[in-house]
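**Student:** The structure follows.
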Amino acid sequence: NYRYRFAIAGGGSGGIAIAAKLAKKYGKGKVVIIEPSSTHYYQPLFTLVGGGLADLPECTNATDSLIPPGCTLLKDEVKEFQPKQNCLVTGDGHQVHYEYLVMATGIALNYDKVEGLTEALEYSDNVCTNYSPEYVRNTYYYMKNMTKGNALFTFPTPPIKCAGAPQKIMYLADAHWRNEGVRDNINIQYYTALGVLFGVKKFADALNQICDERNLTRNYQRNLVKIDHVKKIATFEDLSSENRKREDSPYDFIHVTPPMGPQEAVKDSELADSNGYVDVDKHTLQHVRYPNVFGIGDCTNTPNGKTVAAVAAQLRALYKNLKASVAGTPLKPKYDGYAACPLVTGNSKLILAEFDYDNQPLETFPFDQSEERYSMYLMKKYFLPPLYWKSLLKGTWLGPKEVRKGFQAVKRQVEKVA
Ligand code: FAD
Ligand code: UQ1
């Protein structure tokens, strides 16, 4: 049995970042991270790996090497949460008692919810997904082999992490096939369970225009339910029809975004809401029933875009509120729902969508971010990965709020002078 002041369930983006902050503040031996995986991935780069613009080692580090000084890693999964007893139980049967618990278990990828998908990813040479490190490299290989026919890109029923990723890879594939001179022989179809291309109108308008110009067909309210990789047929449910009519669509290449859901151990626990996600206040990130439990990242039920960018912004509010909770003072700092989605729209082009809980744009830079820019692509490829490894995971990057404020102040001054 173990006893720690702070237990962190999950050592992904959010778990490591908050552990770093807590260990710095409260000292050695107080924080335990419970994480089963020996490899940690910077998932935002998966899109570029799938597009042949980065390689997997750039997204990869050993979990051991990322554990902040003063923290302990328990290489195990949490099997059971017992919040009434301030305790959790691991897969190996250890009990971990805590004063405070931070939930950071992420979201589960449910490939098995689409009939035939697991087999198709394993055994076919044209069904791919950027969402998992074991498959992401295939995307580019299959893309390179594709010279004619139907190319499909899917988006499942939400919530999912990085809601832009299912279409980013379509833009990269389109660019690749144009470069190869085979684009005229390929029919590109985007199938989304949603009724819109993107949740924030300003950016959706820009993306729709790109799709129109590049002949990328959008099919709305279509949810992938089955893949027959022998016959090469994808089956979709029409969510707009009364009895969810099924439609078959033959493919020669398909990029699938798997359905996602809460982790098993969380879903069945007292920490979950009725949908299975960790039930926290969307502004303070404190659990609504257990005040010594907080949540960060993809595992919670806050209605923000599930991204690393959101994790960074949440870290600011979470850390301050945890400190207040320990000190017995009122919780104040509020998370505004900030999330960012760097929409790669070509080999060296990017629309940087940033927005809040109300799906209103919340842009950092003093220019129109809905325009495709090379500078923003360079930022995604060269600036954000080191920002992640060297700053977010060390607990020192709390999102671009201060940068945004700085630009706004300069803009006001310039306007005054002019
Ligand atoms: P994760 O980083 O996924 O970590 C969760 C951890 O919990 C994992 O290590 C897991 O092993 C562990 N865990 C799970 N169950 C248990 C358990 N029972 N006990 C203990 N540990 C457990 N974000 C952006 O900001 N920009 C992007 O451009 C972007 N692009 C993306 C593209 C792709 C293809 C993908 C897949 C993601 C992308 N994201 C992007 C999203 C981003 O990676 C996630 O939102 C972010 O990593 C969430 O952090 P997290 O800590 O909540 O979860
Ligand atoms: C960000 O902070 C972040 O987390 C480190 C991301 O995830 C990789 C992002 O994609 C973005 C866009 C941000 C926001 C950062 C800036 C400088 C606008």
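Per the working numbering, the sequence shown runs over residues 223 to 640. Glycine included, every Cβ here is placed at the ideal spot set by N, Cα and C.
1. Apart from the five residues on each side of it in sequence, which residues of its chain come closer than 6 Å, Cβ to Cβ, to L429?
2. Just to confirm before moving on: does the CB-CB distance between N201 and A415 stay below 8 Å?
3. Return the CA-CA distance between G233 and M601, expressed in angstroms with no decimal places.
4. Is G621 close to ligand 2? I mean its beta-carbon at under 7 Å from any heavy atom of the ligand.
5. Determine the direct distance from the alpha carbon of T551 to that of T376, and round the result to whole angstroms.
6. Would you decide whether D590 is buried or exposed? Buried here means 16 or more other CB atoms lie within 10 Å of its CB.
7. Quick check: what's the CA-CA separation for V533 versus G519?
8. Measuring only from the beta carbon, is T567 closer than 7 Å to any heavy atom that is part of ligand 2?
9. Taking C-beta to C-beta, are L447 and E337 nearer than 8 Å?
10. Report, in whole angstroms, the separation of the C-beta atoms of F516 and N497, which I expect to be a contact under 8 Å.
11. Any chance you could list the beta strand (DSSP E) runs of at least 3 consecutive residues sitting entirely within the segment 472-521, in chain order?
12. Nearer than 7 Å: is that true of the beta carbon of C563 relative to any heavy atom of ligand 1?
13. Using the Cα positions of N581 and P480, report the straight-line distance between them to the nearest angstrom.
14. Return the chain-ordered list of same chain residues with a C-beta closer than 8 Å to the C-beta of K246, the five sequence neighbours on each side being excluded.
15. Would you give the residue range spanned by the alpha helix (DSSP H) that F268 belongs to?
16. If you compare alpha carbons, which of P484, V271, L507, R405 is closest to N332?
17. Does the beta-carbon of Q534, which I'm using as the reference point, lie nearer than 7 Å to any heavy atom of ligand 2?
18. For A284, name the three-state secondary structure that DSSP assigns.
19. Could you tell me if the beta carbon of Y353 falls within a distance shorter than 7 Å of some heavy atom in ligand 1?
20. Taking the alpha-carbon of A525 as reference, which of C384, Y512, Q389 has the nearest alpha-carbon?
21. Using the beta-carbon count (16 or more within 10 Å), is D501 buried or exposed?
22. Give the DSSP-derived three-state secondary structure of T586 in the structure shown.
23. Let me confirm a value: N352 is counted as buried when at least 16 other C-beta atoms fall within 10 Å, else exposed. Which label applies?
24. Ignore the nearest five residues each way along the sequence and tell me which others in N318's own chain have a CB closer than 6 Å to its CB.
25. If you compare alpha carbons, which of T506, E469, N523 is closest to A646?
26. Indicate, with yes or no, if ligand 1 has a heavy atom lying under 7 Å from the CB of F268.
27. What three-state label does DSSP hand H451 in the structure shown?
28. When you compare each of L244, A284, A242 to S260 by their alpha carbons, which one comes out closest?
29. What are the uninterrupted segments assigned as alpha helix (DSSP H) that are 4 or more residues long and contained completely in the segment 591-640, given in chain order?
30. In the DSSP output, what is H319 paired with across the bridge?
31. Evaluate contact between the segment 392-406 and the segment 449-463, counting only Cβ atoms and requiring at least three cross-stretch pairs below 8 Å.
32. Say yes only if the C-beta of T529 is nearer than 7 Å to one or more non-hydrogen atoms of ligand 1, and no if none qualify.
33. Check this for me: beta carbons of D408 and K370, under 8 Å apart or not?
34. Could you check whether G527 and F577 sit closer than 8 Å to each other, using their CB atoms as the reference points?
35. Give the DSSP bridge partners of V404, in chain order.
36. Let me know the secondary structure DSSP gives L278 once reduced to three states.
**Tutor:** According to the structure shown:
1. L419, F420
2. Outside the shown range of the chain, which is 223 to 640, sits residue 201, and nothing can be said about it.
3. 25 Å
4. yes
5. 47 Å
6. exposed
7. 5 Å
8. no
9. Note that residue 447 is Val in the sequence shown here, rather than Leu. Yes, these two residues count as a Cβ contact at 8 Å.
10. That pair is no contact at about 19 Å.
11. 475-477, 515-517
12. yes
13. 24 Å
14. P290, G292, G617
15. 268-272
16. P484
17. It should be noted that the sequence gives Ala, not Gln, for residue 534. Yes, the Cβ of A534 comes within 7 Å of a heavy atom of ligand 2.
18. strand
19. yes
20. Checking the sequence shown, residue 525 turns out to be Pro, not Ala. Ranking C384, Y512, Q389 by Cα distance to P525 puts C384 first.
21. buried
22. coil
23. buried
24. The question names Asn, yet the displayed sequence has Val at residue 318. Closer than 6 Å at the Cβ level, and outside the excluded window around V318, lie Y224, A229, L310.
25. Only positions 223 to 640 of the chain appear in this structure, which leaves residue 646 out of reach.
26. yes
27. coil
28. A284
29. 596-600, 606-612, 623-639
30. R225, C309
31. no
32. yes
33. Position check: residue 408 holds Ile in this sequence, whereas Asp was assumed. Result yes, Cβ atoms of I408 and K370 sit closer than 8 Å.
34. yes
35. According to DSSP, V404 bridges with nothing at all.
36. helix
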